[in-house]
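*Asks:* The following block contains the structure, expressed as structure tokens.
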Amino acid sequence: MGPHAVAYVLIWNMMEGKDLFTNLKDEQGHYNVHAHLAQMIALLGPPPKALLERERSFRKLTFTPEIQNPKGESCRNAFQYFGGPFFDDNGVFVRKDLIPQRLGITETITLFQGEEKQQFLDFVSKMLQWQPEKRSTAKDLLEDPFLQLDDEAY
């Protein structure tokens, strides 16, 4: 997750008073990429084909020397380190059973209603994108209508 997406999650946690992504650790307390991806898919829909192709191309990059993952397994690439595969050859998430059916971005917002809710949705949607290059810059976000105070706020 890039810096803008992390900022979104922090904003979310502060505004809503709860974590956007939950239960991201397995029984041994290790980060569970499958669980995290499942929740991201529930919020954003499936990742774009271009991102899946990028992930496949990165599998060719190797660690020299190999590194150990938190489970103590020797890994030569990020795919092994994080416990892939995550998607099949057709781009379908391999752990569909983990995708929450109840989680949609609109339904998770409880602090705002009406126009404020839509503005907040528009604002966070500019940050929470699968592809980092599609995320808004910090400068653009600072100019977003959601962050602009109207005269009545003073």
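As numbered in the numbering used here, residues 16 to 169 make up the sequence shown, in order.
Don't be surprised by glycine CBs; every beta carbon is placed ideally from N, CA and C.
Just so it is clear, the structure is predicted and the values come from calculations on it, not from any experiment.
Looking only at C-alpha atoms, which of I26, R71, T79, F108 sits nearest to L52?
*Replies:* One-based indexing of the sequence shown puts residue 52 at position 37. Considering only alpha carbons, the answer is F108.
*Asks:* Roughly how many angstroms separate the alpha carbons of E31 and Q133, rounded to a whole number?
*Replies:* As a working note, residue 31 is residue 16 in the sequence shown. As a working note, residue 133 is residue 118 in the sequence shown. Going from the Cα of E31 to the Cα of Q133 covers about 15 Å.
*Asks:* Taking Cβ positions, are F94 and F135 nearer each other than 8 Å?
*Replies:* Here residue 94 corresponds to residue number 79 of the sequence shown, with the count starting at 1. Here residue 135 corresponds to residue number 120 of the sequence shown, with the count starting at 1. No, the Cβ-Cβ distance between F94 and F135 is not below 8 Å.
*Asks:* Comparing alpha-carbon positions, which option in K141, L156, K86 lies nearest K6?
*Replies:* Nothing can be reported for residue 6: it is not among the residues displayed for the chain, which extend from 16 to 169.
*Asks:* Can you have a look at F62 and say buried or exposed, based on whether 16 or more other CB atoms are within 10 angstroms of its CB?
*Replies:* Looking up residue 62 in the sequence shown gives position 47. Phe is not the amino acid found at residue 62; the sequence shown has Pro there. Buried, because 16 or more other Cβ atoms sit within 10 Å of the Cβ of P62.
*Asks:* Return the residue from the list F101, N105, G99, L76 that minimises the CA-CA distance to R91.
*Replies:* For the purposes of this step, residue 91 is taken as the residue at position 76 of the sequence shown. Closest option to R91, Cα to Cα, is L76.
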